[in-house]
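What follows is a single structure, written as structure tokens, with notes after it.
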Amino acid sequence: ILNVEQSPQSLHVQEGDSTNFTCSFPSSNFYALHWYRWETAKSPEALFVMTLNGDEKKKGRISATLNTKEGYSYLYIKGSQPEDSATYLCASGGGADGLTFGKGTHLIIQP
Amino acid sequence: KAGVTQTPRYLIKTRGQQVTLSCSPISGHRSVSWYQQTPGQGLQFLFEYFSETQRNKGNFPGRFSGRQFSNSRSEMNVSTLELGDSALYLCASSFNGHLGETQYFGPGTRLLVL
């Protein structure tokens, strides 16, 4: 994998259901994996930064895992709520090299 | 603490003009990065500044430039604007610009080139 890729591109989920989506990134020269939540007309909101293989992070109903050897990360949302509707971005790298972003997963929670 | 602020929020220019966008980082943050978001390309890294020095630049033409001041505020400039420069320009700040540090984003400046 040469670029950061996210799937699916968009997702419709019923309120109350749990969901997850994937971020794939180049596993060579890996430094850090970032997750952001971006609501329309707002600033991207940092969710997690993960650096170690096997890392698991949690923030309320949202959690993320990291596998640096195979180059993927999963983001999980438990019991989706309408306020979870947003675009979720993952990005690799950072620091002076800047972040390399995927194109995002657009999540819509249906009441 | 106040978040990252960007001015102006919206801007309309015509082809051939030049534009300057401003970014004020979170107080105490010394690294500022700039990104361009277009519908087709997603978010792309423009450049990063730390202690008034550009440390890296993404794959953008020389018409895109920037600078950072001693108070860590940053400006980016685009000269000889083209229609394709219409985009949302985001800046992000982090404390030391280290790998693994969270980058905090501003709300962006939306530029329309006519």
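Just so you know, the sequences run in chain order A and B.
So for the first sequence, the working numbering puts the first residue at 1; every next one is plus one.
So for the second sequence, the working numbering puts the first residue at 1001; every next one is plus one.
Positions of the beta carbon are idealized from the N, C-alpha and C atoms, including for glycine.
Classification of residue i by the beta-carbon crowding that lies within 10 angstroms, buried from 16 upward
i: Q6 (chain A); result: buried
i: I1012 (chain B); result: exposed
i: I109 (chain A); result: buried
i: Q1041 (chain B); result: exposed
i: S10 (chain A); result: exposed
i: F1047 (chain B); result: buried
i: A1002 (chain B); result: exposed
i: L1112 (chain B); result: exposed
i: S155 (chain A); result: Absent from the model: residue 155 (chain A). The displayed extent of chain A is 1 to 111, so no value can be given.
i: P44 (chain A); result: buried
Neighbouring residues, chain B, relative to residue i (Cβ below 7 Å)
i: Y31 (chain A); result: L1099, G1100
i: P44 (chain A); result: F1105
i: T51 (chain A); result: G1100
Sequence-distant residues of its chain with Cβ nearer than 6 Å to residue i (five each side left out)
i: L25 (chain A); result: In the sequence on display, residue 25 (chain A) carries Phe and not Leu. Same-chain partners within the cutoff: V4, G71, S92.
i: V13 (chain A); result: T19, S80, I109
i: Y76 (chain A); result: N20, S63
Terminal residues of the beta strand (DSSP E) in which residue i lies
i: K58 (chain A); result: 56 to 59
i: V13 (chain A); result: 10 to 14
i: V1032 (chain B); result: 1031 to 1038
i: L1088 (chain B); result: 1087 to 1094
i: E5 (chain A); result: 5 to 7
i: N1056 (chain B); result: 1053 to 1057
i: S1065 (chain B); result: 1064 to 1068
i: H1098 (chain B); result: Unbroken run through H1098 (chain B): none, as it is neither H nor E.
i: N151 (chain A); result: Outside the shown range of chain A, which is 1 to 111, sits residue 151 (chain A), and nothing can be said about it.
i: Q1006 (chain B); result: 1005 to 1007
Within chain A, partners of residue i - CB distance below 9 Å
i: P1025 (chain B); result: Within 9 Å Cβ-Cβ: nothing; P1025 (chain B) doesn't reach chain A, min ~13 Å.
i: N1056 (chain B); result: G95, A96, D97, G98
i: G1003 (chain B); result: S43
Contact list for residue i against chain A, beta-carbon separation under 8 Å
i: F1050 (chain B); result: A96
Partners in chain B for residue i, counting only beta-carbon separations shorter than 9 Å
i: L112 (chain A); result: The structure shown does not extend to residue 112 (chain A), since chain A is modelled only from 1 to 111, so the question has no answer here.
i: G104 (chain A); result: G1042, L1043
Residues near residue i in its chain [Cβ-Cβ closer than 8 Å; skip 5 each side]
i: Q1018 (chain B); result: N1077, V1078, S1079, T1080, L1081
i: N53 (chain A); result: L66, N67, T68, K69
Residues near residue i by beta carbon distance below 7 Å, same chain, minus five either side
i: Q1036 (chain B); result: Q1044, L1046, A1087, Y1089
i: G1028 (chain B); result: F1095
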